Every structure is written in C-alpha cells, then in structure tokens.
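To keep things clear, I will list the structure first and then write my remarks on it.
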Amino acid sequence: MSINTAVAQLPLNQWLPEICHIAYQAGQLIGRYYRQNSVNIEKKSDGTPVTEADLAADKVISKALRALTPDIPIITEETLAQIDFEKRQHWATFWLVDPLDGTKEFIDQTGEYSVNIALVVDHKPVLGVVYGPELGNLYFASHQLNDAMQMPCGKLKGLWPQQQAQDTADSASLNWDYLLKQAAAIGVAEHPQQLKRQRSFKVAVSRRHGSQVQSFMNDLGMAQAMKMGSALKACLVAEGAVDVYPRFGPTSLWDTAASQAIVEAAGGAILNAAGHPLQYVQTPSLLNPFFIVVSHADYQWPKFPEVM
Numbered sequence: 003m004s005i006n007t008a009v010a011q012l013p014l015n016q017w018l019p020e021i022c023h024i025a026y027q028a029g030q031l032i033g034r035y036y037r038q039n040s041v042n043i044e045k046k047s048d049g050t051p052v053t054e055a056d057l058a059a060d061k062v063i064s065k066a067l068r069a070l071t072p073d074i075p076i077i078t079e080e081t082l083a084q085i086d087f088e089k090r091q092h093w094a095t096f097w098l099v100d101p102l103d104g105t106k107e108f109i110d111q112t113g114e115y116s117v118n119i120a121l122v123v124d125h126k127p128v129l130g131v132v133y134g135p136e137l138g139n140l141y142f143a144s145h146q147l148n149d150a151m152q153m154p155c156g157k158l159k160g161l162w163p164q165q166q167a168q169d170t171a172d173s174a175s176l177n178w179d180y181l182l183k184q185a186a187a188i189g190v191a192e193h194p195q196q197l198k199r200q201r202s203f204k205v206a207v208s209r210r211h212g213s214q215v216q217s218f219m220n221d222l223g224m225a226q227a228m229k230m231g232s233a234l235k236a237c238l239v240a241e242g243a244v245d246v247y248p249r250f251g252p253t254s255l256w257d258t259a260a261s262q263a264i265v266e267a268a269g270g271a272i273l274n275a276a277g278h279p280l281q282y283v284q285t286p287s288l289l290n291p292f293f294i295v296v297s298h299a300d301y302q303w304p305k306f307p308e309v310m
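Counting the sequence shown from 1 gives a position; the numbering used here is that position plus 2.
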C-alpha cells in the first residue's frame with residue numbers, strides 16, 4: 003500500500019480539529035504551571051531536564067489520543083523508555099508527541115515552548131499541530147486533501163489559555179471546526195528565483211546556537227537572526243517569517259515531526275545533509291541527524307558542517 007493510499011484511508015481532516023483541541027488543553031495545563039512561583043525540575047537519564055508540567059501534559063495528551071484513536075499506538079518523549087523497541091519497530095502508523103518542547107525555555111520563562119503532536123504513517127508525518135501557549139499561536143496541517151483539493155494548513159493566533167479558558171470544560175466549548183476555517187492560511191516566503199536575488203536572509207536560530215550555525219549564516223552572506231525556541235522556529239519558516247532554520251545539534255523525532263507536517267504542507271521542507279526529507283524510522287534512540295528547515299528545497303543552501 004502506498005503512503006497516499008494509506009493517508010486517504012484515514013480521516014485526518016476529521017481528526018485535525020480534535021488534535022488542535024488536545025494540544026490546546028495541554029497548553030492550557032502547562033500554562034498554569036508556567037505561572038507558578040516554582041516548578042519541580044528533575045534530570046532524565048540523558049541529563050536533560052523534565053518538569054512536572056511535562057509529565058502532566060503527557061498524561062493529558064496520551065489519554066485524549068487513546069480515546070480518539072484507540073488502535074493507533076503513541077510514542078511520547080516521556081514514555082519512550084517504557085516501550086520495548088522490539089514491539090514498536092513494527093509500527094507503521096503511530097502518534098509522535100512532545101508534550102512540552104523547549105523545557106529549557108519553559109524553565110527560563112522565555113515563553114517560547116510548544117506542544118507538538120504528529121501522526122506518522124509509513125515513516126512520514128502526515129498530520130501535525132504545534133501550539134505555543136504563551137505566544138498564543140497554533141499551527142496545524144493535514145496532508146489529506148480537503149473539498150477544495152488543498153492540504154489544510156494554517157495558523158490560529160490569539161489562543162492564550164490563561165485568557166480564553168479557565169478549565170477544560172471551557173476549552174471544549176471552543177468550536178474548532180469553525181476556528182480552523184477562520185484561520186490564516188500560511189505558506190513559505192519568496193520564490194526560489196527571488197531567494198537568489200535577496201541581499202539578506204532571515205534565519206531562525208536557538209538562543210543557544212553554536213559556532214556551526216554561525217558558520218552556516220556566514221556562508222549565506224547577509225543574514226538576519228531571529229531567535230526563537232522549540233518547534234516554533236520551524237513554524238516561522240512555514241509561515242514565511244524566515245527563510246531557513248539550521249539545526250546542527252541533537253534533536254529527536256518528536257521535536258520535528260509535527261512541524262515537518264506543517265512545513266511541507268506550506269511548501270517547504272526539512273532536509274538532512276544529503277538533501278532528503280527527514281524520515282521517521284523506528285530506531286532504538288529516535289535521534290535526528292543534522293537538518294535544515296527551508297522555504298524551498300531546490301535552492302542551493304550552504305553545505306552542512308562536518309559532524310564532529
């Protein structure tokens with residue numbers, strides 16, 4: 003069965019409003035922790051931080067996904083270690099979730115964290131939602147054509163959980179079908195030929211980006227950095243706010259799956275060093291290679307740095 007056939011057999015566009023609602027609920031919960039005076043922080047086995055907000059959001063999302071699609075397995079950042087690789091390596095369709103992407107941004111109170119939910123089918127993300135609660139932005143995409151023969155892809159702005167809803171009952175009352183129809187359509191910036199004539203490129207970067215990213219920017223020529231955290235950087239490419247986002251540091255599949263679905267539906271791509279889209283293949287670690295998020299895959303972007 004081809005991926006197009008597999009996607010056509012799933013009610014992605016019916017699920018999309020539900021996934022937006024689930025991401026919003028999780029963001030609403032995280033927002034309450036964000037505004038507390040203190041949050042319990044622990045270290046995972048790999049040395050990265052995890053907070054009680056991560057774990058609480060994970061439970062909310064997992065419970066809701068199981069209710070929506072009981073036959074589709076779920077992999078989240080917080081539960082990967084509990085799933086035997088021998089079992090999950092055979093999953094062709096699964097949810098891939100980062101309940102709180104940008105935990106460091108959450109801890110540092112920059113507001114640039116996000117909730118990422120993606121559906122992967124045959125190694126490709128085909129539905130994605132990225133919600134930035136503190137910025138009020140929710141990005142979404144489905145790779146299933148709608149009645150207008152287009153992939154639903156857009157951005158909702160102004161969804162602040164602390165202002166729009168005080169509990170899950172209120173958030174459930176939001177009409178997501180209506181909201182998605184009213185959402186602003188998004189698309190990548192510029193035509194490839196216009197990119198060649200640009201004097202300056204806009205580049206999304208992490209607040210902690212290293213020398214390899216700086217070298218990539220130098221190779222672009224004139225480059226203006228836009229600092230942002232979490233998967234929201236890739237979404238800046240999808241909405242045409244920046245031209246490229248280089249990532250030459252460690253990430254996992256759940257960091258990119260949702261935003262890749264959105265970027266691709268908007269006309270962009272997330273590419274590895276060989277120029278191929280990232281693939282979501284079951285491996286023991288689920289680590290990504292270095293990648294760049296680009297507005298146009300056929301533009302001649304600078305070469306990747308040597309992997310040390």
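All C-beta atoms, glycine included, are put in the ideal place defined by N, C-alpha and C.
Owing to the predicted nature of the structure, the values given are computational and were not obtained by experimental measurement.
Secondary structure in the segment 226-281: the beta strand (DSSP E) runs of 3 residues or longer, each lying completely within the stretch, are 246-249, 271-273 in chain order. One thing to note: Val207 has its Cβ no nearer than 8 Å to the Cβ of Ala191. Partner residues in the beta bridge of Cys155, as assigned by DSSP, are Ala143.
Judged by their CB atoms, Tyr141 and Ser232 are not nearer to each other than the 8 Å cut-off.
The criterion of a C-beta distance shorter than 8 Å is satisfied by Val123 and Ala8.
The DSSP-derived three-state label of Leu137 is coil.
Bounds of the alpha helix (DSSP H) holding Ala25 are 14-36. Put simply, the segment 262-282 touches the segment 126-134. At least three CB pairs are less than 8 Å apart. DSSP places Phe292 in the coil class of the three-state scheme, outside both helix and strand.
As far as DSSP is concerned, Trp93 takes part in no beta bridge.
Non-local beta-carbon contacts of Leu273 in its own chain, meaning distances under 7 Å to residues more than five positions away in sequence, involve Pro279, Phe293, Ile294, Val296, Ala299 in chain order. Of the candidates Trp303, Leu255, Pro291, Lys305, Leu255 places its Cα closest to the Cα of Lys126. By the Cβ criterion, the segment 90-97 is not in contact with the segment 48-60, since fewer than three pairs of Cβ atoms, one from each stretch, lie closer than 8 Å. Linking Ala94 to Met224 through their CA atoms gives a straight-line distance of about 43 Å. In the same chain as Pro291, and ignoring 5 residues on each side of it, the C-beta atoms closer than 7 Å to its own belong to Asn274, Ala275, in chain order. Closest option to Ala25, judged by alpha-carbon separation, among Met230, Ser213, Leu67: Leu67. In this structure the segment 24-41 does not touch the segment 77-84; the number of beta carbon pairs closer than 8 Å is below three. Of the residues Arg210, Gly242, Ala185, Ala120, the one whose Cα lies closest to the Cα of Tyr282 is Ala120. Our two residues, Pro135 and Asp149, have alpha carbons roughly 30 Å apart in a direct line. Distance from the CA of Asp103 to the CA of Gln196, rounded to the nearest whole angstrom, comes to 33 Å.
Val52 has Glu44 as its beta-bridge partners, per DSSP.
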